[in-house]
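Enquirer: Handing you this structure, nothing more for now.
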Amino acid sequence: MRAASLITAKDLRQRLRDRSAFLVAVVAPLALAFALSVTISGFSAGSQTYHLGLVDLDHGRAASGFYAAVKDAPVILRDAGTLARARRLVKNGKLDAALVLPRGLSAASRGGSSVRIEVIGDPKNAIGALVARSFAASYASYVRTIAVASRALEADRVAMIRIAGEVASAKPPISVGDISTTRKNLDPKTYYAAAMAVFFLFFAVQFGISSLLNERSEGTLARMLVAPIPRLSILGGKAMTSLALGLTSMVVLALTTRYALGAHWGNPLGVGALIVCAVLAATAVTALVTTLAKTSEQANAWLAIVSVVLGMLGGSFFPVAQAGGLVATLSKITPHAWFLSGLQDLSSGGALSVIVEPVLVLLAIAGACGAMALVRIRRLIEP
Amino acid sequence: MRVLAIVRTELIRIFRWRANVFFFLIMPMGLILLLGVVFGNSNARVGVVKGENGPLARQLVEALGSQSGLDTKSYGSKSSLEKAVERGNVSAGLVIVSNYDRLLRAGESASIRYFARPDSLAPQVRIAVEAAVSAQGSNLTAARVVRSERGGTLASAIERVSAVKVSSPVGVQLLAASGGKYPRSRGQFQ
Numbered sequence: 000m001r002a003a004s005l006i007t008a009k010d011l012r013q014r015l016r017d018r019s020a021f022l023v024a025v026v027a028p029l030a031l032a033f034a035l036s037v038t039i040s041g042f043s044a045g046s047q048t049y050h051l052g053l054v055d056l057d058h059g060r061a062a063s064g065f066y067a068a069v070k071d072a073p074v075i076l077r078d079a080g081t082l083a084r085a086r087r088l089v090k091n092g093k094l095d096a097a098l099v100l101p102r103g104l105s106a107a108s109r110g111g112s113s114v115r116i117e118v119i120g121d122p123k124n125a126i127g128a129l130v131a132r133s134f135a136a137s138y139a140s141y142v143r144t145i146a147v148a149s150r151a152l153e154a155d156r157v158a159m160i161r162i163a164g165e166v167a168s169a170k171p172p173i174s175v176g177d178i179s180t181t182r183k184n185l186d187p188k189t190y191y192a193a194a195m196a197v198f199f200l201f202f203a204v205q206f207g208i209s210s211l212l213n214e215r216s217e218g219t220l221a222r223m224l225v226a227p228i229p230r231l232s233i234l235g236g237k238a239m240t241s242l243a244l245g246l247t248s249m250v251v252l253a254l255t256t257r258y259a260l261g262a263h264w265g266n267p268l269g270v271g272a273l274i275v276c277a278v279l280a281a282t283a284v285t286a287l288v289t290t291l292a293k294t295s296e297q298a299n300a301w302l303a304i305v306s307v308v309l310g311m312l313g314g315s316f317f318p319v320a321q322a323g324g325l326v327a328t329l330s331k332i333t334p335h336a337w338f339l340s341g342l343q344d345l346s347s348g349g350a351l352s353v354i355v356e357p358v359l360v361l362l363a364i365a366g367a368c369g370a371m372a373l374v375r376i377r378r379l380i381e382p
Numbered sequence: 000m001r002v003l004a005i006v007r008t009e010l011i012r013i014f015r016w017r018a019n020v021f022f023f024l025i026m027p028m029g030l031i032l033l034l035g036v037v038f039g040n041s042n043a044r045v046g047v048v049k050g051e052n053g054p055l056a057r058q059l060v061e062a063l064g065s066q067s068g069l070d071t072k073s074y075g076s077k078s079s080l081e082k083a084v085e086r087g088n089v090s091a092g093l094v095i096v097s098n099y100d101r102l103l104r105a106g107e108s109a110s111i112r113y114f115a116r117p118d119s120l121a122p123q124v125r126i127a128v129e130a131a132v133s134a135q136g137s138n139l140t141a142a143r144v145v146r147s148e149r150g151g152t153l154a155s156a157i158e159r160v161s162a163v164k165v166s167s168p169v170g171v172q173l174l175a176a177s178g179g180k181y182p183r184s185r186g187q188f189q
């Protein structure tokens with residue numbers, strides 16, 4: 000144990016002296032977290048009021064139905080005047096979409112000839128077009144219901160007015176009941192603080208295990224091997240260097256971003272558990288990649304590639320889980336995704352039990368990669 | 000020519016080191032692809048738990064998915080859907096009760112649970128859900144009106160309404176602001 004501690008102390012002194020660890024483990028992630036959090040204000044389109052225009056060529060009662068329909072919705076409906084003006088306003092982005100009520104629309108609900116509501120939308124504002132089209136579709140369903148009921152009752156035009164009133168006041172057979180949920184995603188400041196911390200963690204821990212290859216090429220590993228030091232102590236010393244650098248980096252970043260950037264990491268106990276597990280996983284992945292390389296240059300290159308790929312897939316640059324599909328599935332193989340997912344669960348103030356799954360997965364990654372690395376690492380510490 | 004020879008030598012030297020191929024070519028392309036996948040789609044996403052997965056429930060989900068500006072994603076359970084809504088992976092979630100088809104076929108009312116996060120597009124998506132729901136409930140509403148007018152059982156009213164063949168008096172067409180056809184989908188990167 001003493002030998003391992005001496006090796007760790009020597010490595011840490013070396014890293015502190017050349018400042019490389021400080022730059023990679025603290026300065027770079029802090030700078031990037033700051034830059035990304037100030038430039039990216041959010042990841043998803045939040046709720047907003049949509050402005051729709053109405054071109055009333057019908058001049059009947061239909062328009063009032065549309066004004067009534069938007070009353071409880073996050074929509075402002077206003078008269079757009081002419082069709083040309085409505086198109087121009089939609090094109091300029093002054094309106095999210097516009098509805099053109101054709102001549103004879105009101106009459107259509109009383110047995111008049113068929114008409115078509117035109118919805119003018121901008122493909123760049125898909126939600127605006129969706130909202131406007133949905134109002135039009137609801138009105139079309141209402142008129143169809145009147146038509147079906149009237150035909151079934153063989154109603155005349157006068158009776159149709161009464162039927163229209165009954166349809167309007169009928170309780171819908173399918174009700175949509177709202178269940179409000181809480182928000183469990185991190186604000187951009189916290190997200191990028193955590194994402195950059197875990198991204199650079201994979202670079203910070205490289206200074207420990209992968210330095211075995213440097214020691215080998217520089218000849219110092221041979222000296223250690225002939226010295227009365229158990230081989231396990233050499234490995235232990237290198238692993239402890241990785242763990243110490245990883246933990247220090249994460250804790251410093253968590254505290255700095257908490258107080259300097261106002262990031263909300265969540266329950267300190269839960270965050271602590273996630274950090275420890277993420278550091279273990281990163282160290283194990285790094286150890287495994289190191290054992291696959293023949294030289295330190297090769298190891299550094301492979302480790303950089305693995306760190307960047309895992310970071311990209313794991314959501315270190317942007318939340319890939321929102322993309323869904325294959326990307327979201329692939330992100331689940333990365334420790335980054337599980338670390339961030341654990342923080343997301345903690346962010347809503349949930350109990351510590353919410354991080355059981357991410358903690359177990361991170362430990363499983365650490366265990367699996369660590370075991371494979373241990374089997375292969377003997378090759379590195381043979382004289 | 001010397002300049003070109005130097006450029007060629009340097010390029011060969013750079014790309015001989017395989018890691019540079021990754022950092023110069025693969026990584027930027029990968030990032031662009033990922034950005035496109037994550038932010039390239041401006042459609043709202045709705046998670047759906049279909050329940051019994053009967054034809055009416057399927058029809059409703061298909062009606063939602065066919066709308067321009069809306070994508071649906073199936074979830075196996077209510078809890079996984081709720082988690083996806085909470086994390087913002089989908090804008091809203093729809094849980095169709097397991098006996099949805101049976102209730103509607105029997106002329107009874109059915110309910111849909113709608114998971115909504117206040118700071119998302121859920122209120123806008125709800126308008127689209129209500130439109131799809133009102134289209135599906137059209138015949139049943141008509142049957143209820145027929146029963147209230149004529150009396151009798153709801154079953155006979157449903158039968159009467161089902162026998163009616165009527166084309167929708169009001170159609171809806173989505174057009175681009177230029178007056179041309181509205182494209183099926185268009186991402187923010189286009």
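So the protein lines, in turn, are chains H and C.
So that you can map any letter, position 324 of the first sequence is 323 in numbering that gives the first Met the number 0, and since no number is skipped, the others follow by simple counting.
So that you can map any letter, position 10 of the second sequence is 9 in numbering that gives the first Met the number 0, and since no number is skipped, the others follow by simple counting.
Just so it is clear, CB atoms sit at the ideal spot from N, CA and C, and this is done for glycine as well.
Owing to the predicted nature of the structure, the values given are computational and were not obtained by experimental measurement.
Below 8 angstroms between beta carbons: does that hold for H/ALA146 and C/PRO168?
Expert: Yes, the pair counts as a contact, with Cβ atoms nearer than the cut-off.
Enquirer: Any beta-carbon of chain H closer than 8 angstroms to the one on C/GLY151?
Expert: Not one chain H Cβ lies under 8 angstroms of C/GLY151.
Enquirer: Among the candidates H/ALA72, H/LEU291, H/SER340, whose CA atom is the shortest distance from the CA of H/GLY265?
Expert: The option with the nearest alpha carbon to H/GLY265 is H/SER340.
Enquirer: When DSSP labels each residue in this structure, what does C/VAL94 get in the three-state scheme?
Expert: In this structure, C/VAL94 counts as strand in the three-state DSSP scheme.
Enquirer: With C-beta atoms as the reference, is H/SER241 less than 8 angstroms away from H/VAL204?
Expert: Contact: yes.
Enquirer: Contact criterion: CB-CB distance below 8 angstroms. Does C/ILE111 meet it with respect to chain H?
Expert: At least one chain H Cβ lies under 8 angstroms of C/ILE111.
Enquirer: Considering only the alpha carbon of each residue, which of H/ALA154, H/ALA281, H/ALA158, H/ILE178 lies closest to C/ARG116?
Expert: The candidate whose alpha carbon is nearest that of C/ARG116 is H/ILE178.
Enquirer: State the Cα-Cα distance for the pair C/LEU139 and H/HIS58, rounded to the nearest angstrom.
Expert: Distance between the alpha carbons of C/LEU139 and H/HIS58 is about 30 angstroms.
Enquirer: Please classify C/ILE157: is it buried, with 16 or more other beta-carbons within 10 angstroms of its beta-carbon, or exposed?
Expert: Result: buried.
Enquirer: On a Cα-Cα basis, can you pick out the residue from C/LEU69, C/GLU81, C/ALA176 that is closest to C/VAL94?
Expert: Nearest C-alpha to C/VAL94: C/GLU81.
Enquirer: Rounding to the nearest angstrom, what Cα-Cα distance links H/ILE162 and H/ILE116 in this structure?
Expert: Approximately 22 angstroms between the Cα atoms of the pair.
Enquirer: Relative to the C-alpha of H/VAL374, which residue among H/LEU234, H/ALA336, H/GLY269 is closest?
Expert: The candidate whose alpha carbon is nearest that of H/VAL374 is H/LEU234.
Enquirer: For C/ARG149, is the classification buried or exposed, using 16 other Cβ atoms within 10 angstroms of its Cβ as the cut-off for buried?
Expert: That one is exposed.
Enquirer: Taking the straight line between their C-alpha atoms, what separation do you get for C/GLY186 and C/VAL89?
Expert: Bear in mind that the predicted position of C/GLY186 carries a pLDDT of just 48, short of 50, making it unreliable; the figure below should be weighed with that in mind. Distance between the alpha carbons of C/GLY186 and C/VAL89 is about 17 angstroms.
Enquirer: Assuming C/SER119 is part of the alpha helix (DSSP H), what are its boundary residues?
Expert: Run containing C/SER119: none; DSSP gives neither H nor E here.
Enquirer: Among the candidates H/ALA320, H/ARG215, H/ASP121, H/ALA238, whose CA atom is the shortest distance from the CA of C/LYS180?
Expert: Of H/ALA320, H/ARG215, H/ASP121, H/ALA238, the residue nearest in Cα terms is H/ASP121.
Enquirer: Does the Cβ of H/VAL99 lie closer than 7 angstroms to at least one heavy atom of the ligand NAP?
Expert: Ligands displayed in this structure: none; no statement on the ligand NAP is therefore possible.
Enquirer: Can you tell me the Cβ-Cβ gap for H/SER105 and H/ALA158, rounded? I've got them flagged as a contact below 8 angstroms.
Expert: Contact flag wrong, Cβ pair sits at about 17 angstroms.
Enquirer: Within the continuous beta strand (DSSP E) that includes C/GLN172, where are the two ends?
Expert: 169-175 is the extent of the beta strand (DSSP E) around C/GLN172.
Enquirer: Once DSSP output is grouped into helix, strand and coil, what is the label at H/LEU53?
Expert: In the structure shown, H/LEU53 sits in a strand (DSSP, three-state: E or B).
Enquirer: Quick one: is C/GLN189 buried, meaning 16 or more other Cβ sit within 10 Å of its Cβ, or exposed?
Expert: With a pLDDT of 42 at C/GLN189, under the threshold of 50, the modelled position of this residue cannot be trusted; read the value that follows with caution. Answer is exposed; the Cβ neighbour count stays below 16.
Enquirer: Put H/MET180 into one of helix, strand or coil per three-state DSSP.
Expert: Strictly speaking, residue 180 of chain H in this sequence is Thr, with Met absent from that position. H/THR180: coil per DSSP, three-state reduction.
Enquirer: Could you tell me the alpha carbon to alpha carbon distance between H/GLY207 and H/VAL197, rounded to whole angstroms?
Expert: H/GLY207 and H/VAL197: Cα-Cα distance of roughly 17 angstroms.
Enquirer: Which residues, taken in chain order from the region 158-187 of chain H, show a beta carbon closer than 7 angstroms to some beta carbon of chain C?
Expert: So the close ones are ILE162, GLU165, VAL166, ALA169, PRO171, PRO172, ILE173, SER174, VAL175, GLY176, ASP177, ILE178, SER179, THR180, THR181, ARG182, LYS183, ASN184.
Enquirer: When DSSP labels each residue in this structure, what does C/PHE188 get in the three-state scheme?
Expert: Caution is warranted here: a pLDDT of 46 is assigned to C/PHE188, below 50, making its placement in the model unreliable, and no coordinate value can be reported.
Enquirer: Rank H/VAL288, H/ALA365, H/PRO334, H/LEU325 by C-alpha distance to the C-alpha of C/LEU32 and give the top, closest one.
Expert: Among H/VAL288, H/ALA365, H/PRO334, H/LEU325, the Cα nearest to that of C/LEU32 is on H/LEU325.
Enquirer: What does C/MET26 reach in chain H if we use C-beta pairs closer than 9 angstroms?
Expert: Within 9 angstroms Cβ-Cβ: ILE304, VAL307, VAL308, MET311.
Enquirer: Compare the C-beta of C/PHE188 against all C-beta atoms of chain H and say whether one is closer than 8 angstroms.
Expert: Model confidence at C/PHE188 stands at a pLDDT of 46, short of 50, so the residue's coordinates are unreliable; what they give is reported in the following sentence. Not closer than 8 angstroms to any Cβ of chain H, the Cβ of C/PHE188 fails to qualify, so no.
Enquirer: Return helix, strand or coil for H/ILE233, following the three-state DSSP convention.
Expert: Residue state, collapsed to three classes: helix.
Enquirer: Which value, in whole angstroms, describes the spacing of the CA atoms of H/MET195 and H/LEU51?
Expert: Roughly 41 angstroms separates the two Cα atoms.
Enquirer: Suppose contacts are defined by Cβ-Cβ distances below 8 angstroms. Is H/SER113 in contact with C/GLY170 by that definition?
Expert: Yes, these two residues count as a Cβ contact at 8 angstroms.
Enquirer: Chain H partners of C/PRO182, CB-CB under 8 angstroms?
Expert: Result: PRO122.
Enquirer: Less than 8 angstroms between CB atoms is the rule here; does C/PHE114 satisfy it with respect to chain H?
Expert: Answer yes: the Cβ-Cβ gap between C/PHE114 and chain H drops below 8 angstroms somewhere.
Enquirer: Measuring only the C-alpha atoms, how far is H/ARG77 from H/LYS188?
Expert: When rounded, the distance between both Cα atoms is 38 angstroms.
Enquirer: Mind checking if C/ARG44 is an interface residue toward chain H, Cβ cutoff 8 angstroms exclusive?
Expert: Yes, contact with chain H.
Enquirer: Could you pull the DSSP bridge partners for C/THR71 from this structure?
Expert: The partner list for C/THR71 (beta bridge, DSSP) reads C/VAL45.
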